[in-house]
Each structure stands twice: as C-alpha cells, then as structure tokens.
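A.B. asks:
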Amino acid sequence: MPYRIVGCFTIVSAICLANVSLRADPPAANSPSDGLSATFSIVAVDPDTGVCGAAVASKYPAVGKVVPYVRAGVGAFCTQHWHHPQFGKAALDLLEAGNPPEDVLSQLLRNDPQREQRQLAIVDLQGRAANRNPSAAGPPSRYWGAQTGRFYACQGNTLAGRNVITDMARAYEETAGSISDRLMAALVAGDRAGGDHRGKLAAGIRVAKPGVAGNWFELDVDDSDDAVEELLANYIALKHDAKGEAQFGAKAVGKPSSSKDAVPLIFDTDMGNDIDDALALGVIHALQTRGECKLLAVTLSKDNEFAAPYVDLVNTFYGRGEIPVGVVRDGKTPEDSKYIRLPSEAHDEGRARYPHDLASGKVAPEAVALLRKVLAAGPDGQAVLVVVGFSTNLARLLDSPADDVSPLAGRDLVKKKVRLLSMMAGMFGDQPRMKEYNVFIDIDAAKKVFADWPTPIVTSGFEIGQAIRFPAQSIERDFSYVRHHPLREGYELYQKMPYDRETWDLTAVLYAVRPDRNYFGLSPTGTIAVDDQQVTQFAPAEAGRHRYLTVTPEQIARVREALVQLASQPPER
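Okay, here's the thing in structure tokens:
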C-alpha cells in the first residue's frame, strides 16, 4: 500500500502531451486557504519506454494528490502555486490529442483569472517541455524559477534559493538508474538544498507505465517532520519493479552545485546594435545565479558612450555591479541607440531609474587591456569567451604585446588561458547564404580571428538565431515582477511592440555554458574562413579547430523554452 503526501516541491517525468482550452473552475475544496501550494518540480520522460513519472514535496499536506498528474505513454504535468487540480486531466487529454506542451499551457490559462499566480510544468515524449512561472507571486513566495534539460524540466516556488532547482536538475542528470530512481534522487537533492523554506511536511512519487492501468508506482509520506528523508528510507526498503540499480548514500544524492563547476565567462558584445545582446546578458546572469557560470568581465565592440553604462546598469540590476566593463576605442559602430541611451539616462523623482556607477563609456577601461588583465589573473585553460558582436577586440588581443599584466603576447596568452571561443558569427548549412553582420562590419578582424585564434571555436550561425525567436509575449508577461525592468524597457525601445526577435546572441551563450545538454547539434571539425564576398565558408578537416551549431525542430522548441526561462528569471535579492 503506497504512503501518501501532498506538498510543494515536485519532480515530474513524462512521455508526451496534448492541447486544450477551458475556463478555470473555482478553487478545489482541498486547496490551501491562501491559494498557495508551494512546490518545486522536475518533469522528465523516458522516450524509449514510455514511462512517465512525477515526484513532489512541500510544507503543504497531500501534494502527491493535487500537484502531479501522469499518464503512461502520454506525459506528465504539475500544477502548483495556486494549484488547480482540474487542470491535471485536461492537460494530459490535450497532450494525448497531439497538442504541443506550450499550447497546452496557453489553453489552460486562456480564461483563468489566476493565470499570473499559477506555476505549471509539462513535458512530452519528444522532450519538449514548457513552464509557466507565477509572475504575480507575492513576497511570501520568495524565490521562484524554472530550468529545462534533456527530457526534463524543473520549476519551483517558495523555495530556500536557486540551488533547490539547480541541484535537483543535476541529480536527475547524474543519477544512474530507472526514472523512479532519478526522481527520488532529484527530490532528495532539492530537499537537501533547502526545499520549501517553510518546512518539510509531505512528499511523494507517481510513475505510470504503458500496459499498466493507472499509476504503476506510488509512494507518499504525509505529516512528517522530514518528509523527503522519510520517503527516501521507505523507497530504499521497498521492493518494486519500478526501482533500478541506483545507490542512495545516507548524506548525498546526486552532485550538488558548486562554484568550482561554474564556467569562467567573458562576454564581448556590440550592445546597442541589436536587442538580443541585452537578452543574452540576462541569460548569463540567470546562469550565474544558478551556479553554472561566473561572469568575469564584459567588453564592448560598439564604440558608443551609452553602451557601457547600459551594461553596468543591467549588471547592477542583477546585483553584480562590480563586474568590470571595457570599451573598444575607435570602433566600427558609434551610432546612437535609444535602447541603451534612454535607460541609462532615465530618472524617476530625481533618482536614477536604474542605479549604476559607470556614467559613460569614455571613462571605462579599454577593452583589450581589460581582457589581458582578466585572462592573466585566471587559471590556465579554463576561460570561455562569448563573442556576439564584431571580432575587433579579439583581433587586437591576438596582436597585443607583453606588458606589466603578463609577459605573454596576446596569442600566447589566449592559448594558455582560454578553453573555448563561442561566437555568434557567419552563416552555415545548405540554405542560400550571404555575408553576416558580425563578420562584414569588421571583416579584417573576423578573418584574423578565424585564421589565428589558437583554441577551439564554435560558431552559432545566423540561421540558428533566425530559427529560434524570443516571444514578445514573454517580454510582456514574464518581466512584470518589477515596475521597471532594463531588459523589457530596452526591448520595447528597440522596436515597436509586439515583435518576436531572433535569439542569435542568446544561443552562443547557452552553448558556451551548457555545451553537453543536447540543445544543439555540432558540425564535424574543420576550418572557417571568409571568402572574397565576405561570406563564411566551412571546410571539414579532422585536425580543424572550428565547428558550427546545428539545430533540429525538437531542439528549437527546447532552446526557446530554456532561453525564455533564463532571460526572464528574477534577480536573487
């Protein structure tokens, strides 16, 4: 007989989803009096077997009965934070009818007066996952957020902090065993990272298997002082075919996130020329908040005095105003851009709308000097450069002489300190190709970098960002947790709303920090050069150091969802 629980953090794994629209019914009789069923969850699927499952834990009782919903061969779904149990069957019916996960959530929330209070998660057999965060959640909900991965997605609210979600995801990825084992591992990892900050009353798991009516496996604990640890003890003692060979240590399940694992990142951008640079910087801050990277510096290849102040105010907005910013001198694009100028100058009631220390790029350090300083101070072979503008600063870095910072000339310094260069540059693949902006604006610099850069280069070509567009709906909906948001304001100033913008620069960031998450495919190794028409050409070569990203329709959906979740993630206050 299964133990039972209802609670507030969940992990869900699934196979496939469907689509539906309906009007929200009144809150269920078993809903908490304040409407909140705080939860964190991970949705995941086993596409080979059709097994789907969900695990959940919370201070709220009996979460296993009202938060997760699973259907063998179809998918898994969670409703939390103003949870709405009536959504469960409807979501899975829509999935089974063939609707994409994102459409399922849109239909569920279409006429729902509490839609901004809901947190929903869903995943299908193809690994397409979708989330909705409670953008109108009040202060009692504290930290909320979401993260997607290969055949799973995590989300949570009323949490002790970001590590609840990131540790859960890591444990799911790194635990060997059945889906049930991995769900249990993720649940324990999230709990040990702090879980629901209010307490640990309840926890549970649901797993469905094709050919078995209803839930194949259920295990719950309710009314406990330490529900997840009690659930783990019961799981270990239980004999059931759903269990695999995973071993659960007494004190650790999975691998907690660590600052040692964070990618040391330098971001070189032509901030102000296109809005995707700004969203890419937001993605970097979300990844740093999750412990996945550490932004060492931002350097600018746009020679406009407001580019550096805008970067500084975004960094300050995310609580990292100490990050150094360097600026190109005699750069190629000095033109004004209102999306960086107006937020930098904006004042409300005599005070800066977005506080920042850097008043003008004219007083910022020179970019190459800053690059040399940051690289020289770091460990050997670890730094990752993300370049989403022109190659001006990189070409000058290669040519830079030894100085007081380092006895190495630029190329040798790069070779010693840099592990990867992730670029948004060029066009690749079989489609008709043309010269690309980041390449031809400073053509000599681009040619030099492709010819002389001494470490591996992975490029995200024009076609990748063009295929994956950032939805205007997210700008309008997901950034409203504050009255003024520098990314939302910049997006609205860049072009008349609503518009979906290509994610060129965001994809280069995502690959740089998460290269092994199957968000993208990779070309064979080879060499990239720029021809006389200023078009990038790729020549396969076994000893080549260059590759470019590819993407499938399934990966497009995953990448879009990941970028929306990351770019809109609130700062950790």
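FYI, the numbering for the sequence shown is 583 to 1155, going by my numbering. Just so it is clear, CB atoms sit at the ideal spot from N, CA and C, and this is done for glycine as well.
1) Under 8 Å by Cβ, that's how I've got Gly579 and Ala658 pegged, so tell me the actual separation to the nearest angstrom.
2) List, from N- to C-terminal side, the beta strand (DSSP E) runs of 3 residues or more that fit wholly inside the region 815-879.
3) Is it buried or exposed, Gln1137, if we count other Cβ atoms within 10 angstroms and call 16 or more buried?
4) Determine the DSSP secondary structure at Leu1075, reduced to helix, strand or coil.
5) When you compare only the Cα positions, how much space is there between Gln662 and Asp1026?
6) Quick one: residues in its chain with C-beta nearer than 8 Å to the C-beta of Asp962, no 5 flanking neighbours on either side, listed in chain order?
7) One question on the structure: do Ser806 and Ala790 come within less than 8 Å of each other, judged by their Cβ atoms?
8) Taking the Cβ atom as the reference point for each residue, do Pro891 and Leu940 lie within a distance shorter than 8 Å?
9) At which residues does the beta strand (DSSP E) containing Asp802 begin and terminate?
10) Pull up the distance between the alpha-carbon of Gly670 and that of Arg653, whole angstroms please.
11) I'd like to know whether the C-beta atoms of Leu1131 and Leu1104 end up nearer to each other than 8 Å.
12) What residue range is occupied by the uninterrupted alpha helix (DSSP H) comprising Cys1019?
13) Is the region 913-922 close to the region 951-962, with three or more CB pairs under 8 Å?
14) What runs of the alpha helix (DSSP H), each 4 residues or longer, lie entirely inside the region 957-1029?
15) For my contact list, Val849 and Pro1153 are in at a C-beta cut-off of 8 Å; report their separation, rounded to the angstrom.
16) If you measure between the beta carbons of Ala719 and Ser760, is that distance less than 8 Å?
17) Which residues in the same chain as Ile1057 place their Cβ atom closer than 6 Å to its Cβ, once the five residues preceding and following it in sequence are excluded?
18) Arg788 to Trp1035, Cα distance in whole Å?
19) Indicate whether at least one CB of chain B lies closer than 8 Å to the CB of Leu895.
20) Which stretch, first to last residue, makes up the alpha helix (DSSP H) that contains Arg744?
21) To the nearest angstrom, how far is it from the Cα of Ala712 to the Cα of Ser688?
22) Touch check for the region 968-985 and the region 1016-1025: three-plus C-beta pairs under 8 Å?
23) Can you list, in chain order, the residues of its chain whose CB lies under 7 Å from that of Arg714, leaving out five sequence neighbours each side?
24) Using a threshold of 8 Å, state whether the C-beta atoms of Ala639 and Ala809 are closer than that.
25) Just curious, the beta strand (DSSP E) that Ser883 is in, first and last residue?
26) Do Ala1007 and Ala1028 count as a contact pair if the criterion is CB distance below 8 Å?
27) May I ask you to list the residues that DSSP assigns as paired with Ser640?
28) Return the bridge partner residues of Arg933 from the DSSP annotation.
29) I'd like the list of long-range same chain contacts for Ala965, defined as Cβ closer than 7 Å, with 5 residues on each side in sequence excluded.
30) Looking only at its chain, what residues have a beta carbon closer than 8 Å to the beta carbon of Arg1051, apart from the 5 residues adjacent to it on each side?
31) Between the Cα of Val794 and the Cα atoms of Pro1097, Gly632, His1128, Asp1012, which residue gives the shortest distance?
32) Check for me: the beta strand (DSSP E) holding Gln729 runs from which residue to which?
33) Please state whether DSSP places Phe1120 in a helix, a strand or coil.
34) With three or more C-beta pairs closer than 8 Å as the rule, is the region 732-739 touching the region 859-874?
35) Quick one: residues in its chain with C-beta nearer than 8 Å to the C-beta of Pro1157, no 5 flanking neighbours on either side, listed in chain order?
36) Can Gln746 and Ala626 be called in contact, C-beta distance under 8 Å?
C.D. replies: So, from the data block:
1) With the chain running from 583 to 1155 in the structure shown, residue 579 is simply not present.
2) Qualifying beta strand (DSSP E) stretches, in chain order: 845-851.
3) The Cβ neighbour count for Gln1137, taken over all protein chains shown within 10 Å, is at least 16; the residue is labelled buried.
4) Three-state DSSP puts Leu1075 in a helix.
5) Cα to Cα, Gln662 sits roughly 54 Å from Asp1026.
6) For Asp962, where only same-chain residues beyond five positions count, the Cβ hits under 8 Å are Lys998, Lys999.
7) Not a contact, by the Cβ cut-off of 8 Å.
8) Note that the C-beta distance between Pro891 and Leu940 is below 8 Å.
9) Taken as a continuous stretch (DSSP letters only), the beta strand (DSSP E) holding Asp802 covers 799-803.
10) A direct Cα-Cα distance of roughly 10 Å separates Gly670 from Arg653.
11) Yes, they are a contact pair.
12) One detail in the question is off: residue 1019 reads as Tyr in this sequence, not Cys. Taken as a continuous stretch (DSSP letters only), the alpha helix (DSSP H) holding Tyr1019 covers 1019-1022.
13) Counting Cβ pairs under 8 Å, fewer than three are found: no touch.
14) Within the region 957-1029, the runs of alpha helix (DSSP H) at least 4 residues long that lie entirely inside it are, in chain order, 974-981, 992-999, 1019-1022.
15) The question names Val, but residue 849 is Phe in the sequence shown. That pair is no contact at about 17 Å.
16) In this structure, Ala719 keeps its C-beta atom at 8 Å or more from the C-beta atom of Ser760.
17) Within the same chain, and ignoring the five residues on either side of Ile1057 in sequence, the residues whose Cβ sits closer than 6 Å to its Cβ are Arg1070, Tyr1073.
18) One C-alpha to the other measures close to 51 Å.
19) No chain B is part of this structure, which consists of one protein chain only.
20) For Arg744, no alpha helix (DSSP H) run applies, since DSSP gives it neither H nor E.
21) The straight-line gap from Cα to Cα measures roughly 10 Å.
22) Result yes; three or more Cβ-Cβ pairs closer than 8 Å.
23) The residues are Leu687, Leu691, Arg700, Gln701, Leu702.
24) In this structure, Ala809 lies closer than 8 Å to Ala639 by Cβ.
25) No beta strand (DSSP E) contains Ser883, which DSSP labels as neither H nor E.
26) Yes, the Cβ-Cβ distance between Ala1028 and Ala1007 is below 8 Å.
27) For Ser640, the pairing in a beta bridge is given by DSSP as Ala784.
28) According to DSSP, which records beta bridges pairwise, Arg933 is partnered with Asp930.
29) Spatial neighbours of Ala965 in its own chain (CB-CB distance under 7 Å, excluding positions within 5 residues in sequence) are listed in chain order as Pro846, Ile848, Leu957, Lys999, Val1000, Arg1001.
30) Cβ contact annotation for Arg1051 (same chain, cutoff 8 Å, sequence separation greater than five): Asp1082, Arg1083, Glu1084, Thr1085, Arg1142, in chain order.
31) It is Gly632 whose Cα lies nearest to the Cα of Val794.
32) 725-731 is the extent of the beta strand (DSSP E) around Gln729.
33) Three-state DSSP puts Phe1120 in a strand.
34) Contact between the region 859-874 and the region 732-739 is absent: fewer than three C-beta pairs spanning the two stretches fall below 8 Å.
35) What the structure shows of the chain is the stretch from 583 to 1155, and residue 1157 is not part of that stretch, so it cannot be assessed.
36) In the sequence as presented, Gln is not what sits at residue 746; that position holds Val. Cβ atoms of Val746 and Ala626: not closer than 8 Å.
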